[in-house]
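Colleague: The listed protein sequences correspond, in order, to chains F and A. Residue numbers for the first sequence, in numbering that gives the first Met the number 0: 0 to 448. Residue numbers for the second sequence, in numbering that gives the first Met the number 0: 0 to 598. Submitted below is the structure of interest, expressed as structure tokens.
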Amino acid sequence: MQQPFEALYIHIPFCVKRCAYCDFSTQAVSADSNQIDDYVMNMVMSLRRASRAGLLSNIRTIYIGGGTPSYLGLRRLVELLYGISISVQLPSGSSVVSGSNVAGGSAVYSGSAGISRNPRDAYEFTMEANPDSFTPQMAKDIYAQGVNRLSIGVQSLDDEVLRTLGRVHDSSAAIRALDVASERFENVSADVICGIMGQSESSLAATLQGVLQHGVSHVSIYPLMVEDGTPLYRSVESGELPDIDDDVQADHMLLGEKIMQAAGLSRYEVASYCKPGFESRHNICYWTGKPYLGLGYGASSMLGAEDYDEVVGSGTLDYWLGDEAVSAAKTACGVMPPAVPVSLPAPSSSSDCSRVRFSLSHHEPAVEFLNERESVCEDAMLGMRMSRGLSKSQLKKMTTVAPRLEDVVKKAIDQGLVKWKSENLATTERGWLMGNELFGEIWDCAYDE
Amino acid sequence: MDTKLIRNFSIIAHIDHGKSTLADRILQYTGTVKERDMVDQVLDTMDIERERGITIKSQPVRILYKADDGVTYHLNLIDTPGHVDFSYEVSRSLAACEGAVLIVDATQGVQAQTVANASLAMNANLEIIPVINKIDLPSADPDRVRAEIEDGLAIPADEAVLASAKTGEGVHELLEAIVHTIPAPEGNPDAPLKALIFDSYFDSYRGVVALVRIVDGSLSKGQQIKMMATGITALTESVGVRRPDEVEVESLGVGEVGYVVTGLKDPKMVKVGDTITLARNGADEPLEGYREVKPMVYAGFYPIETDQYTAMRDALDKLSLNDAALVYEPENSHALGFGFRVGFLGLLHMEVVKERLEREFNLDLIATAPSVEYKIYMKGGEIRTIHSPKDYPDPASIDHIEEPYLKASVLVPPDFVGPVMEVSMEHRATIKDMQYLSQNTVELKISIPLAELIMDFFDKLKSRTKGYATLDYEFDGYQPSELVKLEILISGKPVDALSFIIHKDKAYERGSNLTRKLKDVIPRQLFEVPIQAAIGGRVISRTNVKAMRKDVLAKCYGGDISRKRKLLEKQKAGKKRMKQIGNVEIPQEAFMAILEVDE
Chain F
0 MQQPFEALYI
10 HIPFCVKRCA
20 YCDFSTQAVS
30 ADSNQIDDYV
40 MNMVMSLRRA
50 SRAGLLSNIR
60 TIYIGGGTPS
70 YLGLRRLVEL
80 LYGISISVQL
90 PSGSSVVSGS
100 NVAGGSAVYS
110 GSAGISRNPR
120 DAYEFTMEAN
130 PDSFTPQMAK
140 DIYAQGVNRL
150 SIGVQSLDDE
160 VLRTLGRVHD
170 SSAAIRALDV
180 ASERFENVSA
190 DVICGIMGQS
200 ESSLAATLQG
210 VLQHGVSHVS
220 IYPLMVEDGT
230 PLYRSVESGE
240 LPDIDDDVQA
250 DHMLLGEKIM
260 QAAGLSRYEV
270 ASYCKPGFES
280 RHNICYWTGK
290 PYLGLGYGAS
300 SMLGAEDYDE
310 VVGSGTLDYW
320 LGDEAVSAAK
330 TACGVMPPAV
340 PVSLPAPSSS
350 SDCSRVRFSL
360 SHHEPAVEFL
370 NERESVCEDA
380 MLGMRMSRGL
390 SKSQLKKMTT
400 VAPRLEDVVK
410 KAIDQGLVKW
420 KSENLATTER
430 GWLMGNELFG
440 EIWDCAYDE
Chain A
0 MDTKLIRNFS
10 IIAHIDHGKS
20 TLADRILQYT
30 GTVKERDMVD
40 QVLDTMDIER
50 ERGITIKSQP
60 VRILYKADDG
70 VTYHLNLIDT
80 PGHVDFSYEV
90 SRSLAACEGA
100 VLIVDATQGV
110 QAQTVANASL
120 AMNANLEIIP
130 VINKIDLPSA
140 DPDRVRAEIE
150 DGLAIPADEA
160 VLASAKTGEG
170 VHELLEAIVH
180 TIPAPEGNPD
190 APLKALIFDS
200 YFDSYRGVVA
210 LVRIVDGSLS
220 KGQQIKMMAT
230 GITALTESVG
240 VRRPDEVEVE
250 SLGVGEVGYV
260 VTGLKDPKMV
270 KVGDTITLAR
280 NGADEPLEGY
290 REVKPMVYAG
300 FYPIETDQYT
310 AMRDALDKLS
320 LNDAALVYEP
330 ENSHALGFGF
340 RVGFLGLLHM
350 EVVKERLERE
360 FNLDLIATAP
370 SVEYKIYMKG
380 GEIRTIHSPK
390 DYPDPASIDH
400 IEEPYLKASV
410 LVPPDFVGPV
420 MEVSMEHRAT
430 IKDMQYLSQN
440 TVELKISIPL
450 AELIMDFFDK
460 LKSRTKGYAT
470 LDYEFDGYQP
480 SELVKLEILI
490 SGKPVDALSF
500 IIHKDKAYER
510 GSNLTRKLKD
520 VIPRQLFEVP
530 IQAAIGGRVI
540 SRTNVKAMRK
550 DVLAKCYGGD
560 ISRKRKLLEK
570 QKAGKKRMKQ
580 IGNVEIPQEA
590 FMAILEVDE
């Protein structure tokens, strides 16, 4: 492969219960369900096949997300992590540079325990955990298996607010989880939601102070979205809950930034704050156009067009069947259906394809072919989502492919959404709150006026 | 054709008193339309006519009726539009007749359009046969209605036909009354041809087809004819009668009603009310009563998608082929782009045209607030006629302004006289006269500016009188009025499509209502957007759309990227559908808001 995958995402689409606001790809399944066992087994097989085909030889970051990965329980998690350790070659040693440009050797990651891992590790290996299913034993075992970063779904430390969100844990469970995590891990992140109906500024402030006091080095602050079809949406529609208020969300986002700043965590992306050196390298891969491989139901992959045929042609990727297909097959024969080799469509020769993104869920794979201009605009849009923004030279290169970017940048400067900070075009305070104005205009440059 | 055996008549009625149903029964009873071809409202062929239960185009049909005296008569029924918007067309249709069947609902009695149509018929010297319809209803009260017809309309009604268009009762008696009461047409078969055009329509294969009544002389295929008002000549490609399908005939003689295919390609050449004569040895004088039909109400029609401008022009061209009263000219708005200033006979006409453009031509359009035609007397003595606020001159140069007034007649039960007076006051109308037509019906004669009537006068009248009030009106000349142009400014820029001309006493209220309404309709933008209402540069009310403070999708990781991008595309597309004025994006609803503003 010319540009092998740098990031690996593993999706665990199971939860004890769907939260009221959730529209992610996950389902509530009983913890002892065979369905979960089968899924993990299939995942390990997929990893093995991908590894044998050489797709995992350049992986620098791994992210196990969900759903709720901690809901798998220790036995299955260890099985999965072992599967990863024998499939993925991770670089060893220390990286000097933080961020995505990880320098690293090519030694095979051994999976041995006892080595101190910190953000200066040559690789990043994150797992998401929720307070209700995360235990001290789990922290110990996954640490031993190579996980070096934890992302805890705290959301709030206000029980009233947690109830509105339909979370299954309370604030004390969240604090316990943070304590357990930070006891062993140096790199712990907390997810926090702001702008929730009924959430006061002091409630948000207490939550943020709380997670900081309990040892996190990274915080993601998301304004709540009321997504169509969620229980929260229905509550708002029926008038049971008030709708979210953009002004409140703006105030909360500003407050969040202030508190983070005061605690020494700076914003490096729209919703992401960290202590120096604790940026999520995995996420930065997404935002800088690095090729990534997503395995599991609902996971997306992205790679250059030149590698697409090779990867797909290798026959090592499987469909991840939808829930209905899985349960139908199980009803019919009592077992998980065998993985089906992928046959993804090829880009039409006239499409000037430079990048492909695909997802292997459901019966039909979802594939998206981006041409050069679309790829560039996507990178520009994602680049402006980060604090460092785009350098003059990056922007110049992008403008040769998407000339309208020049006008868009000028207009955004006039509107006070972006400004030049030395050699980089970066988002302003106002730009963080009004990002869609900018992102929408940038993406629109992919198309003719 | 023996002229003595011809009877030409119209059916006139207030809306919903059963005109079309009675016509259906007559056609059925006389076997003019076969049972298996029978549908409701046979003569109303447009979808919109059937759905709304209205008649827009006149339709003649020849009925052969063997009367009790054993003679077969040729009855020509001319079905006419009932609505006041089309009163000129009605008057021309009536001019083609010797008699009229006046239908009055046996439960509702005499209503405003009953009065209006009856007086049109009397002015045309028609023999009127009153029919009291719907006598099958339990609440029917023929005696009361008979008294109303006699007292209110001064039409003898002891011989009124009692009928039910629903059951067919009374149809035979009506046909006998038509044969025996309505006189046969008179005319000179040897005089030069005079044929009255009472309607016309456009046929894409044959050009303009005129519907005519022969007054003098005769008309045959292959003759060179002349339209006396326009001076246009044409060769008659065929002549015939409708039964109701077209049947070609050798010629049409005195008193006959039929069609003539002119082959002309422009409907404006064949005008309702004009007289057809022969190109050589024609008549010297046309028939009386012709006038140019002038629009009363104007509105801007703009396509929502600017690339639909050409489609809209083509659609208007096509519609106007069958609607000679429809006038339009290109208009350009800063806010809405290219569109048309369209003139209508009245509000119903406007609604019908708008609906047909939307339904028959799949156009999405914005209609601006309807306006009337104002006469502006300039200080220099010049008189300007304007029908769009865009053309309103600098107020300093205006001496005074006149606006069109209507003589309106409102009929209500006595209990509702108060509410009618209230609504009239609110609409700058003055009560000129009030009289009891019967114990149950009061007629109020009012003088009201047309501009007020087209706002929401009738809707309010209906709601405050629990639906009892009926209204009719006619043009009553121009009167001086204190009118001003109310401008709406968005971010300091006047928006032409939101401006309108209004009486100065009402400007303040309308201005503040409208700015408040616009504040709700215009979405928050990057910057604060002030909305102002101003008269002659002086701001009379102001609201602000606060700046939007947050619009960002916070989560954007691997799998989300495509989805988030699609959301951005959707947002962007939504913005593109809005009208950009300066740096403010204004949604279509804002332009609708101006039509809906009420207290």
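Yeah, the Cβ is synthetic: ideal placement off N, Cα and C, and Gly gets one too.
So, is valine 246 (chain A) buried or exposed, given that buried needs 16 or more other C-beta atoms within 10 angstroms?
Modeller: Its Cβ having fewer than 16 others within 10 Å, valine 246 (chain A) is exposed.
Colleague: Of all Cβ atoms in chain A, is any one closer than 7 Å to the Cβ of methionine 433 (chain F)?
Modeller: With 7 Å as the cut-off, methionine 433 (chain F) counts as an interface residue toward chain A.
Colleague: How would you list, in chain order, the residues of chain A whose beta-carbon sits under 9 Å from the beta-carbon of tyrosine 142 (chain F)?
Modeller: By Cβ distance, chain A contributes nothing, its closest Cβ being about 24 Å from tyrosine 142 (chain F), past 9 Å.
Colleague: Measuring only between beta-carbons, confirm whether phenylalanine 133 (chain F) sits less than 7 Å from chain A.
Modeller: Phenylalanine 133 (chain F) does not count as touching chain A.
Colleague: Which residues of chain A have a Cβ atom closer than 9 Å to the Cβ of aspartate 406 (chain F), listed in chain order?
Modeller: Per Cβ cutoff of 9 Å: no residues; aspartate 406 (chain F) is ~14 Å from chain A at best.
Colleague: What's the call for alanine 190 (chain A), buried or exposed, on a 16-neighbour Cβ count within 10 Å?
Modeller: Its Cβ having fewer than 16 others within 10 Å, alanine 190 (chain A) is exposed.
Colleague: Using the three-state DSSP reduction, which class does cysteine 332 (chain F) fall into: helix, strand or coil?
Modeller: Reliability of the predicted coordinates at cysteine 332 (chain F) is poor, the pLDDT of 44 falling under 50, and the value obtained from them is presented with this limitation in mind. Correct three-state label for cysteine 332 (chain F): helix.
Colleague: Along the alpha helix (DSSP H) that carries leucine 253 (chain F), what are the first and last residues, could you check?
Modeller: Taken as a continuous stretch (DSSP letters only), the alpha helix (DSSP H) holding leucine 253 (chain F) covers 245-261.
Colleague: Counting C-beta neighbours from all protein chains within 10 Å, is the total for asparagine 57 (chain F) 16 or more, i.e. buried, or is it exposed?
Modeller: So asparagine 57 (chain F) counts as buried.
Colleague: Specify, as a first and last residue, the run of the alpha helix (DSSP H) that lysine 391 (chain F) falls within.
Modeller: Its alpha helix (DSSP H) spans residues 391-400.
Colleague: Along chain A, in chain order, which residues have C-beta atoms closer than 7 Å to that of valine 269 (chain F)?
Modeller: Ordered by position in chain A, the residues that pass the 7 Å Cβ test against valine 269 (chain F) are Val551, Ala553.
Colleague: Where do the N-terminal and C-terminal ends of the beta strand (DSSP E) with leucine 364 (chain A) fall, by residue?
Modeller: Counting along the chain, the beta strand (DSSP E) containing leucine 364 (chain A) begins and ends at 364-366.
Colleague: Name the residues in the stretch 560-588 of chain A whose C-beta lies less than 9 Å from a C-beta of chain F; which are they?
Modeller: So the close ones are Ile560, Ser561, Lys563, Arg564, Leu566, Leu567, Glu568, Gln570, Lys571, Lys574, Asn582.
Colleague: In the DSSP output, which residue or residues are listed as bridge partners for valine 528 (chain A)?
Modeller: Answer is A:Val544.
Colleague: Using a C-beta cutoff of 7 Å, does aspartate 491 (chain A) count as contacting chain F?
Modeller: Position check: residue 491 (chain A) holds glycine in this sequence, whereas aspartate was assumed. Answer no: the Cβ-Cβ gap between glycine 491 (chain A) and chain F never drops below 7 Å.
Colleague: Rounded to whole angstroms, what is the Cα-Cα separation between aspartate 393 (chain A) and isoleucine 375 (chain A)?
Modeller: Approximately 11 Å, taken between the alpha carbons.
Colleague: Between valine 218 (chain F) and leucine 161 (chain F), how many whole angstroms is the CB-CB distance? I'm expecting something under 8 Å.
Modeller: Rounded, the Cβ-Cβ distance is 17 Å, inconsistent with contact.
Colleague: Would you mind telling me which residues of chain A sit closer than 7 Å to phenylalanine 438 (chain F), beta carbon to beta carbon, in chain order?
Modeller: Residues of chain A passing the Cβ test: Leu567.
Colleague: Using Cβ-Cβ distances below 7 Å, what residues of the stretch 272-290 of chain F are close to chain A?
Modeller: Result list: Asn282, Tyr285.
Colleague: Measuring straight from C-alpha to C-alpha, what distance separates cysteine 444 (chain F) and lysine 569 (chain A)?
Modeller: Whole-angstrom Cα-Cα distance: 15 Å.
Colleague: Would you identify the three-state DSSP class for alanine 120 (chain A), choosing helix, strand or coil?
Modeller: Helix.
Colleague: Which residues, in order along the stretch 215-237 of chain F, keep a beta-carbon less than 7 Å from a beta-carbon of chain A?
Modeller: Answer in chain order: Tyr221, Pro222.
Colleague: Which residue marks the beginning of the alpha helix (DSSP H) containing phenylalanine 457 (chain A), and which one marks its end?
Modeller: First-last of the alpha helix (DSSP H) with phenylalanine 457 (chain A): 457-463.
Colleague: Near leucine 356 (chain A), what residues of its chain come up, given a Cβ to Cβ distance below 8 Å and the 5 sequence neighbours on each side ignored?
Modeller: Within the same chain, leucine 356 (chain A) has close Cβ partners Phe300, Met311, Ala314, Leu315, Leu318, Leu362, Leu364.
Colleague: Can you tell which of F:Met433, F:Trp442, F:Glu371 has its C-alpha closest to the C-alpha of glutamate 405 (chain F)?
Modeller: When each option's Cα is compared against that of glutamate 405 (chain F), the closest is F:Trp442.
Colleague: Report the three-state DSSP secondary structure of arginine 537 (chain A) (helix, strand or coil).
Modeller: Strand at arginine 537 (chain A).
Colleague: Is lysine 289 (chain F) helix, strand or coil when you go by DSSP?
Modeller: Coil at lysine 289 (chain F), not helix or strand.
Colleague: Which residue marks the beginning of the alpha helix (DSSP H) containing lysine 353 (chain A), and which one marks its end?
Modeller: Run containing lysine 353 (chain A): 346-360, per the alpha helix (DSSP H) assignment.
Colleague: Name the residues in the stretch 331-342 of chain A whose C-beta lies less than 7 Å from a C-beta of chain F; which are they?
Modeller: Taking 7 Å as the Cβ-Cβ cut-off against chain F, none of the residues of the stretch 331-342 of chain A qualify.
Colleague: For aspartate 457 (chain F), which three-state DSSP category applies?
Modeller: Within the shown structure, residues of chain F are numbered from 0 to 448, placing residue 457 (chain F) beyond reach of any answer.
Colleague: Let me check understanding here. Comparing Cα to Cα, which of F:Ile63, F:Leu203, F:Pro3 lies closest to asparagine 282 (chain F)?
Modeller: Nearest option by C-alpha distance: F:Ile63.
Colleague: Mind listing, in chain order, the continuous beta strand (DSSP E) runs of no fewer than 3 residues lying wholly within the stretch 394-470 of chain A?
Modeller: Those beta strand (DSSP E) runs which fall completely within the stretch 394-470 of chain A and span 3+ residues are 397-411, 429-435, 441-448.
Colleague: Quick one: Cα of lysine 484 (chain A) to Cα of lysine 267 (chain A), how far?
Modeller: Their Cα atoms are separated by approximately 34 Å.
Colleague: Answer yes if the stretch 323-341 of chain A comes into contact with the stretch 282-289 of chain A, meaning at least three C-beta pairs across the two stretches below 8 Å, and no otherwise.
Modeller: No, they do not touch.
Colleague: Inspect the CB distances between the stretch 128-146 of chain A and the stretch 5-23 of chain A and report whether three or more fall short of 8 Å.
Modeller: Result yes; three or more Cβ-Cβ pairs closer than 8 Å.
Colleague: Taking buried to mean at least 16 other C-beta atoms within 10 Å of its own C-beta, is histidine 10 (chain F) buried or exposed?
Modeller: Buried is the call here.
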